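Numbering (our numbering), first residue to last: 2 to 234. Notes for the one structure printed next.
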Amino acid sequence: MQKFLENLNIDWVLVAAIVPLFLAGLISMKGLGAVDDDYFFTRQLIWIGVGFIFFFAASSIDWRFLRNGWLLFGIYSFGITVLAALLIFARAVRGAQSWIPLGFFSLEPAEPMKLVLILILAKYFSRRHVEIAHVKHIIVSGLYAFVPTLLIFIQPDLGSAIIFSFIWFGMILVSGVSKKHLLVILAIAVISFLVLWFFILEPYQKTRVSSFLNPYLDPKGAGYNALQSMIAV
Numbered sequence: 002m003q004k005f006l007e008n009l010n011i012d013w014v015l016v017a018a019i020v021p022l023f024l025a026g027l028i029s030m031k032g033l034g035a036v037d038d039d040y041f042f043t044r045q046l047i048w049i050g051v052g053f054i055f056f057f058a059a060s061s062i063d064w065r066f067l068r069n070g071w072l073l074f075g076i077y078s079f080g081i082t083v084l085a086a087l088l089i090f091a092r093a094v095r096g097a098q099s100w101i102p103l104g105f106f107s108l109e110p111a112e113p114m115k116l117v118l119i120l121i122l123a124k125y126f127s128r129r130h131v132e133i134a135h136v137k138h139i140i141v142s143g144l145y146a147f148v149p150t151l152l153i154f155i156q157p158d159l160g161s162a163i164i165f166s167f168i169w170f171g172m173i174l175v176s177g178v179s180k181k182h183l184l185v186i187l188a189i190a191v192i193s194f195l196v197l198w199f200f201i202l203e204p205y206q207k208t209r210v211s212s213f214l215n216p217y218l219d220p221k222g223a224g225y226n227a228l229q230s231m232i233a234v
């Protein structure tokens with residue numbers, strides 16, 4: 002067992018950091034549930050166990066095979082295909098075509114696609130970090146992010162679409178983009194936001210954005226959960 006653990010590529014400091022969060026979550030779940038006080042606690046405990054199983058399984062894999070650019074592009078293309086297929090075949094759940102039903106649980110392809118986008122952008126910039134001053138590399142990397150962002154926005158899932166945009170922006174920042182190009186990107190972002198806000202976003206989406214930025218605007222409505230979370234903390 003000790004030899005097995007030594008062969009795993011595990012950041013034990015990270016594990017030690019998340020365990021208290023798991024315990025805090027379990028304590029919170031213990032007090033929930035009007036009918037069965039242990040329902041949410043048991044459910045949370047099961048998913049923590051499943052998560053640790055996948056964590057240790059993934060830690061035993063040599064992920065260096067993902068350095069293969071063609072393999073990464075294939076995974077990315079498959080993810081794009083799945084996101085596009087959702088718009089055609091997926092049944093709307095709470096107004097969004099974001100989920101694939103898999104029996105006892107549902108999968109949201111946007112979640113693993115976030116990791117895929119990070120990997121493919123990292124691969125792209127690792128080969129062109131010296132050439133990042135050329136605007137074409139900013140455009141190409143932006144297209145990698147734009148396609149899944151657009152498909153997810155159409156579902157519609159505004160929250161995930163925003164996260165995809167920030168993933169690309171964060172990768173651009175750490176890649177060493179010039180200040181001139183950064184200012185252009187920020188200007189385009191501001192214009193895009195204004196177009197979205199005044200011409201594209203639905204009223205409920207605007208309400209969610211407003212309540213996220215300032216939950217006190219609607220403390221008994223859209224901002225209620227955020228305020229209760231702050232009170233709990």
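All C-beta atoms in this analysis are idealised placements derived from N, C-alpha and C, irrespective of residue type, glycine included. What you are looking at is a predicted structure, and each value in this text was computed from that prediction instead of being measured.
Cα-Cα separation, residue i to residue j
i: residue 235; j: residue 42; result: The displayed coordinates of the chain run from 2 to 234. Any statement about residue 235 would go beyond what the structure contains.
i: residue 232; j: residue 226; result: 10 Å
i: residue 49; j: residue 26; result: 10 Å
i: residue 62; j: residue 12; result: 14 Å
i: residue 222; j: residue 66; result: 48 Å
i: residue 14; j: residue 55; result: 18 Å
i: residue 201; j: residue 191; result: 15 Å
i: residue 83; j: residue 113; result: 11 Å
i: residue 210; j: residue 151; result: 18 Å
i: residue 123; j: residue 39; result: 43 Å
i: residue 141; j: residue 155; result: 22 Å
i: residue 166; j: residue 78; result: 18 Å
i: residue 215; j: residue 208; result: 10 Å
i: residue 91; j: residue 104; result: 15 Å
i: residue 129; j: residue 85; result: 29 Å
i: residue 44; j: residue 163; result: 30 Å
i: residue 22; j: residue 184; result: 38 Å
Contact set for residue i: own chain, Cβ-Cβ below 8 Å, skip 5 residues either direction
i: residue 217; result: 224 and 228
i: residue 96; result: 157
i: residue 146; result: 118, 122, 165, 166, 168 and 169
Cβ-based burial, residue i [other Cβ within 10 Å; buried from 16]
i: residue 158; result: buried
i: residue 126; result: buried
i: residue 169; result: buried
i: residue 18; result: exposed
i: residue 230; result: exposed
i: residue 149; result: buried
i: residue 58; result: exposed
i: residue 117; result: buried
i: residue 70; result: exposed
i: residue 102; result: exposed
i: residue 75; result: exposed
i: residue 80; result: buried
i: residue 193; result: exposed
i: residue 29; result: exposed
Beta-carbon proximity check, residue i vs residue j, cutoff 8 Å
i: residue 134; j: residue 179; result: yes
i: residue 108; j: residue 100; result: yes
i: residue 189; j: residue 139; result: no
i: residue 121; j: residue 46; result: no
Neighbourhood of residue i by C-beta distance below 6 Å, restricted to the same chain and skipping five residues each side
i: residue 106; result: none
Close beta carbons around residue i, own chain, < 7 Å, minus the five adjacent residues each side
i: residue 161; result: 111 and 153
i: residue 220; result: 228
i: residue 212; result: 218, 219, 223, 224 and 227
Inset, instruction - List in chain order: all unbroken alpha helix (DSSP H) runs of 4+ residues lying wholly within the stretch 153–190. - result: 159–176
| What are the uninterrupted segments assigned as alpha helix (DSSP H) that are 4 or more residues long and contained completely in the stretch 33–119, given in chain order? | 40–60 and 70–90
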